[in-house]
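A short worksheet on the structure shown next.
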Amino acid sequence: MMADVTLAQVGRNLSEAMRILGDGQGELEAGTERLRFSRTSIPGPLQGDGQDVATVLHLVHTLIHEEEEEEKDKPSQHRMQNVGEQGHMALLGHSLAAYISVLDRERLRKLTTRILSDTTLWLCKLFRYETGSACFHEDDRDGLVKVCRLVINARYEEYSTEGYAAFSGKQPVIYQSASCRPGLGQHLCSQLGLPLSSLCTVPCNTVFGSQHQMDVALLDKLIKEDEEAGKLPLLLVANAGTPAAGHTDKLGRLKELCDQHSLWLHVEGVNLATLALGDVTSAIMAATRSDSMTLTPGQWLGLPAVTAVTLYRHEDPALSLAAGLTSSQPLEKLKALPLWLSLQNLGHNGIVQKIRHATALSQQLLQKLKPLASIRTSVEDEQNSPVVLFKFSQETSAGSSGGSVDGFSAVEKEVLDTFNRWLGEQLAQLVPSSGVDVVELEDEGTCVRFSPLLTAAVLGTQQEDVEEMVEKLVELVPMMTATLSLRQDFREEVRRRSPLLRYVEEPGWPGLGVVRYELQAEASEERKQELRKINNELLKRLHELDTDIVFSTGPEFVTEESCIFVGMVTDDVDVSELVETMAAMGRDIEESGRLLENMTEVVRKGILEAELQLQRATEEKLLEEGMLRQLPLVGSVLNWFAPVQSNIRGRTFNLAAGSLDSTETTYSTKAQAGIPSPQDAPPSPSKRPPGQRLFRRPGARSDSASESSSVGRGEDASGIRPPTPEAEQHSASDVGAENNQEQAEQVEAEDRQPEGQEAAPSDR
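Note that the numbering used here numbers the sequence shown so that position 582 is 582, with each residue one more than the last.
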């Protein structure tokens, strides 16, 4: 009864912990001050009196979500696993394993033996691997490492006593496909203590068959050459679903070849999950004849922290124990407990349903992609493949599949890879639950991969997510097509306006192109800084325009500096107007910068000139009026009886020209100099149709015309509302009022001049 109470308490503690560690609990909001204290005290001293469970769990929650709280405004790229009821059962298994480990040795031995035997039996039945044994391991590569040790012990009888000296007579050779996951062969050699010369990579078919299947004829030739060279062919690693493309090797022929040369055949891959279904293809069914295979049920079924499993067939338990495939320690057998609990919770029908749901998602996406133009699909078996590869290719007609991109040049291939990389990233961001990612293939380039067997159970992918992904794809493809077709026009337009603008070749940029405003001067450190300032200001002004085009400084890996990266565009964009606007803006910024640079020198010279002219005017006044008129009292009396007609004129300082001008024109016309009359005002900019944004061709199809535009009716493309007649009349009256006020101030200034002296204009 005590054990039952303890087990129940373990389950309650786990449920409470999951509730607290989950996202968005009310307890988290209530404990804000406690969380702040915990965050500021990390790292800190260990509390003397200790803390309760709730406080510690809140601290763990803070550490998990601290980065998300600091970046609330940024879109999260982290994919959280969908932990359902089965996931809780797997997590409970880890807690129970810790509890079971404290039982007495005999009871622990019986319980772990039952758990191990049940799990092995269920897995062998599920995946059609009869009379097999199972090894449970955390790293999905460890099972293959232990299988290699088993084969070494079996083929080298003296290995147990002589160790690596047993290899002196015949060097072991391990064969793997060129499509195996990267680093697998190096990991095997490192763990087994073998040189890299013991690893032989078999190329895939290049003329006939799949581009991702192992070349069986070439493998046969390599094995015979190694045997003639005195080496010992040891083991072959084959794929039932390559990591990148999901293709399956010719497992039937490979098994026959391995039997002929006494090789051990090991199979791994995501397609092994389909062995649990009722209808299995013959290519996958051949995997059941292999000597060993590695399964990852945690990924396929969405079970967190569940070990991988390697099923194998071998009759000598002593060699299995020596290789580490089995263990005499009861605690090692407890690794199967989370999977043991989860399999019982799901049941046979639940397991098959999850795998069938994932394969159905792949078929759904494949059928949706076939009618799409400019989308090419690449799958091994259209009827049963659980992995779908697709890519954007403008030259490809709708419904085509297969083939490579050999018809493109190296630059065109790189541009297509860049666009497909952008497409995969956009789909992953717009539909996170789809689980799509980007893969790089040697022959086909960059592709977008949809492998729901690896992601659907974890992310909870449903048919609605596939539909949404196709909808987003339909929206993105026309934009990519238009951008790719306009890249050449953009390049030519930029080069036509050289040397003001310079086109920068960046095949790795997914957009219209890269441009930089250039200075017409020799390169120097000062010029580089000025160039950087001009392009930064140009980018700032482009951001302020009312347009759908995205301008940016580009990704971090670019080598060119001070560049403006133009993003994706639609087919109605006027490239000529876009480039002309960028050139005009850059030229205006450069001229404004030069004016500011010269302003200090201009003002300084103007002030010196004004001082000289004022000094000459004072000397002329002294010579003309005489010394007596300069005395305060005597001068006033003389000016009263004999007023002097002064010829001294006023001066005004023009900051733009840096010169002193006469004010005679100002007083003769009774108007301020430099203010244009209404008839001299510059013409207003050309108006655009309502709702049409900048850089759109008139009459062209525009998706934004049907949407609510930020520019209302009566506003032009620059966001400036044209004045109404009442506003124009009001503006004219305001100008007239300002002129009258200025004239009144001038007359008042003349009245304040000393008696007997004509009012002279003030220096400006």
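Yeah, the Cβ is synthetic: ideal placement off N, Cα and C, and Gly gets one too.
inquiry  = If you measure between the beta carbons of V216 and L272, is that distance less than 9 Å?
reply    = No; because the gap between Cβ atoms is not below 9 Å, this pair is not in contact.
query = Under 9 Å, do G435 and T418 count as touching if we go by C-beta distance?
reply = no
request  = For H266, write down the residues that DSSP places opposite it in a beta bridge.
outcome  = V237 and S292
ask   = In whole angstroms, what separates the C-alpha of P685 from that of E471?
value = Caution applies to P685, whose pLDDT of 40 falls short of 50 and renders its modelled position unreliable; the model cannot decide the point.
message = Using only CA atoms, which one of F450, V237, E560 and L144 lies nearest to V388?
response = F450
ask   = What separation, rounded to the nearest whole angstrom, lies between the Cα atoms of P297 and V352?
value = 12 Å
key: Counted within 10 angstroms of its Cβ, other Cβ atoms place R769 as buried (16 or more) or exposed   = One cannot answer for residue 769 here, as it falls past the ends of the chain, which runs 1 to 764.
inquiry  = Looking at A240: is its Cβ nearer than 9 Å to the Cβ of G269?
reply    = yes
query = For the region 169–208, which segments carrying the beta strand (DSSP E) assignment without a break, of at least 3 residues, lie completely within its bounds, in sequence order?
reply = 172–177 and 199–202
query = My guess is that Y503 and R491 are in contact by the Cβ rule of under 8 Å, so how many angstroms apart are they, rounded?
reply = 5 Å
query = Got a sec, what are the start and stop residues for the alpha helix (DSSP H) V145 sits in?
reply = D142 to R155
key: Backbone CA spacing between H314 and V237 [nearest angstrom]   = 17 Å
query = Given a threshold of 16 other Cβ atoms within 10 Å of its Cβ, counted over all protein chains shown, does A165 qualify as buried or as exposed?
reply = exposed
key: Close-in-space but distant-in-sequence residues of the same chain around Q299 (CB under 6 Å, 5 per side omitted)   = The answer, listed in chain order, is L454.
key: W264 vs L311 beta-carbon contact at 9 Å   = Against a cut-off of 9 Å, the Cβ pair of L311 and W264 comes out as no contact.
ask   = Helix or strand or just coil, what does DSSP make of E138?
value = coil
Straight-line gap, R495 to D548 (C-alpha atoms, nearest Å) = 24 Å
ask   = Curious, which full-length alpha helix (DSSP H) runs of at least 4 residues does the region 399–454 contain?
value = 410–430
ask   = How is I564 classed by DSSP in three states: helix, strand or coil?
value = strand
task = In the DSSP assignment, find the beta strand (DSSP E) that holds S770 and state where it starts and stops.
result = Coverage of the chain is limited to positions 1 through 764, which leaves residue 770 absent and any answer about it impossible.
ask   = Cβ atoms of K335 and H137: under 9 Å apart, would you say?
value = yes
key: Buried/exposed call for Y99, threshold 16 Cβ in 10 Å   = Exposed is the call here.
request  = Work out the CA separation of V379 and L369 for me, nearest whole Å.
outcome  = Cα to Cα, L369 sits roughly 12 Å from V379.
key: Own chain, CB closer than 8 Å to S168, minus 5 neighbours either side, in chain order   = none
request  = Report the rounded CA-to-CA distance for P304 versus L295, giving the unit in angstroms.
outcome  = 15 Å
ask   = Are three or more beta carbon pairs between the region 191–199 and the region 255–262 nearer than 8 Å?
value = no
Straight-line Cα distance separating A97 from L57 = Whole-angstrom Cα-Cα distance: 21 Å.
task = State the Cα-Cα distance for the pair V280 and E382, rounded to the nearest angstrom.
result = Taking C-alpha positions only, V280 is separated from E382 by approximately 14 Å.
task = Please go through the region 452–495 and give each complete alpha helix (DSSP H) segment of 4 or more residues, from N-terminal end onward.
result = 452–459
key: Inter-residue Cα distance where the pair is K224 and E506   = Distance between the alpha carbons of K224 and E506 is about 48 Å.
CB of S562 within 9 Å of CB of L531, strictly = yes
task = Could you tell me the boundaries of the beta strand (DSSP E) in which A273 lies?
result = Where A273 is concerned, there is no enclosing beta strand (DSSP E), given that its DSSP letter is neither H nor E.
task = Taking only the alpha-carbon atoms, compute the straight-line gap between R376 and F392 and give it to the nearest angstrom.
result = 6 Å
key: Residue span of the beta strand (DSSP E) that contains K768, given as start and end   = The chain is shown only over 1 to 764; residue 768 falls outside these bounds and no answer can be derived.
ask   = Grouping DSSP H, G and I as helix and E and B as strand, with all else coil, what is D588?
value = Helix.
key: Cβ-based burial, G230 [other Cβ within 10 Å; buried from 16]   = exposed
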